[in-house]
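Asks: Sharing a structure here in structure tokens format.
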């Protein structure tokens, strides 16, 4: 079965430092997409970044980058220069061929300290 | 901007009541989804719809039903609410079956069943 694992329930980081949020996945499908979403305390889910299984380059979006290691089936999110507004829940998710919905991990709560 | 709205941010219902959660999207998306979010479990798919009057069960459909009479509107129905359905409910919409497309989420409805 397809599965997403986020092993860090909570993380702390100092403001302006970089932080890596871990995500591993399990699928036998060669074609899949990986997503990261941010959920602030207000509750809305905000799309951050996408990585396709055939993409040669790691995805980047501003301060967000995705460390994609296909052989290890990991898709870690790197946030550079953390800001107080980065404090939120972060979810890794996957879509694979034939499934319209996303499969989500359990999430990581990130707290940025001043 | 894509907008997904949900009828209520907070809802309190009694055990045994019939509960309707409404979701509306304004981007003509063919796909709409209902997820349930619980601490430590991430988001789990309840039902999704890929067209008007078309629906498919997700991973946890028991105790729920859905209705999609118009393309922009997708309703989640709890026929007889139970305390174990106390949770955050998130609606999402998206277009195409491409792996790259993101889902757009509503603000969520926090349902408490007493």
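Chains as they are written, first to last, in our numbering: chain L, 22 to 135; chain P, 14 to 127.
Quick reminder that beta carbons are idealized off the backbone N, C-alpha and C, glycines included.
Computed from a prediction, not measured in an experiment: that's the story for all the values here.
(1) Which residues in chain P sit within 7 Å of residue 123/L, going by Cβ to Cβ distance?
(2) Check whether the segment 106-115 of chain L touches the segment 38-56 of chain L, taking contact to mean three or more Cβ pairs, one atom from each stretch, closer than 8 Å.
(3) Less than 8 Å between the C-beta atoms of residue 133/L and residue 108/L, yes or no?
(4) Quick check: what's the CA-CA separation for residue 125/P versus residue 18/P?
(5) Evaluate the contact criterion for the segment 83-90 of chain P versus the segment 33-45 of chain P: three or more CB pairs, one atom per stretch, below 8 Å.
(6) Could you give the C-beta distance for residue 26/L and residue 126/L, rounded to a whole number, given that I count them as a contact under 8 Å?
(7) For residue 157/P, which residues in the same chain have their Cβ closer than 6 Å to its Cβ, ignoring the five residues on either side in sequence?
(8) Measure the C-alpha to C-alpha separation of residue 34/L and residue 64/P and round it to an integer number of angstroms.
(9) Can you find a C-beta in chain L that's less than 8 Å from the C-beta of residue 121/P?
(10) Considering only the beta carbon of each residue, do residue 136/L and residue 85/L sit closer than 8 Å?
(11) Closer than 6 Å by C-beta to residue 37/L: which residues in its own chain qualify, once you throw out the five before and the five after it? Chain order, please.
(12) Give the residues of chain P in contact with residue 127/L, contact being defined as C-beta atoms less than 7 Å apart.
(13) Counting only runs that start and end within the segment 29-73 of chain L, where is the beta strand (DSSP E) found for 3 or more residues in a row?
(14) Could you pull the start and end residues of the beta strand (DSSP E) that residue 50/P belongs to?
(15) Using the beta-carbon count (16 or more within 10 Å), is residue 105/L buried or exposed?
(16) Bridge partners of residue 100/P, per DSSP?
(17) Is it right to say residue 115/P is buried, meaning 16 or more other beta carbons lie within 10 angstroms of its own, or is it exposed?
(18) Just checking: is the beta-carbon of residue 56/L within a distance shorter than 8 Å of some beta-carbon in chain P?
(19) Between residue 66/L and residue 46/P, is the Cβ-Cβ spacing less than 8 Å?
(20) Please work out which residues of its chain come closer than 6 Å, Cβ to Cβ, to residue 75/P, disregarding the five sequence neighbours upstream and downstream, and give them in chain order.
(21) Answer yes or no: do residue 31/L and residue 55/P have a C-beta to C-beta separation smaller than 8 Å?
Replies: Concretely, from the data shown:
(1) For this step, residue 123/L is matched to residue 102 along the first chain. Taking a Cβ-Cβ cut-off of 7 Å, the neighbours of residue 123/L in chain P comprise 116, given in sequence order.
(2) Counting Cβ pairs under 8 Å, three or more are found: they touch.
(3) Position 112 of the first chain, counting from 1, holds the residue named residue 133/L. Position 87 of the first chain, counting from 1, holds the residue named residue 108/L. In this structure, residue 108/L lies closer than 8 Å to residue 133/L by Cβ.
(4) Numbered from its first residue, the second chain carries residue 125/P at position 112. Numbered from its first residue, the second chain carries residue 18/P at position 5. For residue 125/P and residue 18/P, the distance between alpha carbons rounds to 19 Å.
(5) Three or more beta-carbon pairs drawn from the segment 83-90 of chain P and the segment 33-45 of chain P are found closer than 8 Å, and the two stretches are therefore classed as touching.
(6) Here residue 26/L refers to the residue found at position 5 when the first chain is read from its first residue. Here residue 126/L refers to the residue found at position 105 when the first chain is read from its first residue. Confirmed, about 6 Å.
(7) No statement about residue 157/P is possible, as the shown extent of chain P runs from 14 to 127 and does not include it.
(8) Indexing the first chain from 1 puts residue 34/L at position 13. Indexing the second chain from 1 puts residue 64/P at position 51. Each residue's alpha carbon lies about 44 Å from the other.
(9) Position 108 of the second chain, counting from 1, holds the residue named residue 121/P. Yes, contact with chain L.
(10) The question about residue 136/L has no answer here: the residues shown for chain L are numbered 22 through 135.
(11) As a position in the first chain, residue 37/L is number 16, starting the count at 1. Excluding its 5 nearest sequence neighbours in each direction, residue 37/L has C-beta neighbours in its own chain below 6 Å: 102, listed in chain order.
(12) On the first chain, position 106 is the one that residue 127/L refers to. Ordered by position in chain P, the residues that pass the 7 Å Cβ test against residue 127/L are 53, 54 and 55.
(13) Those beta strand (DSSP E) runs which fall completely within the segment 29-73 of chain L and span 3+ residues are 31-35, 40-42, 45-47, 53-60 and 67-73.
(14) Here residue 50/P refers to the residue found at position 37 when the second chain is read from its first residue. In the DSSP assignment, residue 50/P falls within the beta strand (DSSP E) that extends over 44-51.
(15) By one-based count along the first chain, residue 105/L stands at place 84. When all chains shown are included, residue 105/L counts as exposed.
(16) Against the second chain, residue 100/P aligns to sequence position 87. DSSP output for residue 100/P lists 124/P as bridge partner(s).
(17) Walking along the second chain from the start, residue 115/P turns up at place 102. Buried, since its Cβ has 16 or more Cβ neighbours within 10 Å.
(18) Locating residue 56/L in the first chain gives position 35, counting from the first residue. Interface residue, yes.
(19) By one-based count along the first chain, residue 66/L stands at place 45. By one-based count along the second chain, residue 46/P stands at place 33. No, the Cβ-Cβ distance between residue 66/L and residue 46/P is not below 8 Å.
(20) Residue 75/P sits at position 62 when you count from the first residue of the second chain. Around residue 75/P: no qualifying Cβ.
(21) The residue you call residue 31/L lines up with position 10 of the first chain. The residue you call residue 55/P lines up with position 42 of the second chain. Their beta carbons are not under 8 Å apart, which means residue 31/L does not touch residue 55/P by this criterion.
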